[in-house]
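Just so it is clear: in the sequence shown, position 25 is 775 by this note's numbering, and no numbers are missing.
The structure appears below as structure tokens.
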Amino acid sequence: MVPWARLMALIEPHYPLGQRGRPPIGIERMLRLYFLQQWYGLADEALEDAIYDSQAMRAFIGIDLSVESAPDATTLLKFRHLLERHELTRKIFEEVERSCGRNNYSCAKAR
């Protein structure tokens, strides 16, 4: 249902390359976090807590807490700001809407 590859292609030109500091978290993982945040109406700190509390969310995101920690609230905030700064939130919504139409599935039904 979610066109992950097309959404990642929208963000990739604006995403940091990780030439300084720690390597960035993968775009798909950040998108999955963003979607969870939107679906559940969570603030950055609440999403960070929810990731630690919910095995289902960790599975959706692809995080194994025995190997890595969840992204912190600041990382989530920076990603949201990147999307907003480059006006990608509307493009993401439009791409998902197009995907619903291509799959002969009404996005209104999915809501």
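Beta carbons: idealized from backbone N, C-alpha and C, even for Gly.
Keep in mind the model is a prediction, meaning the values are calculated, not measured.
Bounding residues of the alpha helix (DSSP H) (the contiguous stretch that carries residue i)
| i | result |
| --- | --- |
| Asp-799 | 794–803 |
| Met-780 | 777–790 |
| Ala-820 | Careful: Ala-820 lies outside any alpha helix (DSSP H) and carries neither H nor E. |
For residue i, the three-state DSSP class (helix, strand or coil)
| i | result |
| --- | --- |
| Arg-770 | coil |
| Gly-812 | coil |
| Glu-847 | helix |
| Arg-861 | Unreliable placement is indicated for Arg-861, whose pLDDT of 49 sits below 50; the coordinate value is still reported in the next sentence. In the structure shown, Arg-861 sits in coil (DSSP, three-state: anything other than H, G, I, E or B). |
| Tyr-765 | coil |
| His-831 | helix |
| Met-751 | coil |
Supposed close pair residue i, residue j - CB separation, criterion 8 Å
| i | j | result |
| --- | --- | --- |
| Ile-761 | Ile-777 | 5 Å |
| Glu-845 | Leu-757 | 6 Å |
| Met-780 | Phe-829 | 5 Å |
| Thr-824 | Leu-833 | Contact flag wrong, Cβ pair sits at about 15 Å. |
Residues near residue i in its chain [Cβ-Cβ closer than 8 Å; skip 5 each side]
| i | result |
| --- | --- |
| Ala-692 | Any answer about residue 692 is impossible in this case: the structure gives the chain only from 751 up to 861. |
| Glu-862 | Not covered by the structure: residue 862. The range shown for the chain is 751 to 861. |
Same chain, Cβ closer than 7 Å to residue i, five either side skipped, listed in chain order
| i | result |
| --- | --- |
| Leu-783 | Leu-797, Ile-811, Pro-821 and Leu-826 |
Residue i versus residue j: straight-line alpha-carbon distance, rounded
| i | j | result |
| --- | --- | --- |
| Arg-861 | Pro-773 | Because the pLDDT of Arg-861 is 49, which lies under 50, any placement of that residue in the model is unreliable, and the number read from its coordinates should be weighed accordingly. So the two alpha carbons sit approximately 35 Å from each other. |
| Ala-809 | Val-817 | 13 Å |
| Ala-759 | Ser-804 | 28 Å |
| Glu-847 | Gln-788 | 15 Å |
| Glu-837 | Tyr-765 | 13 Å |
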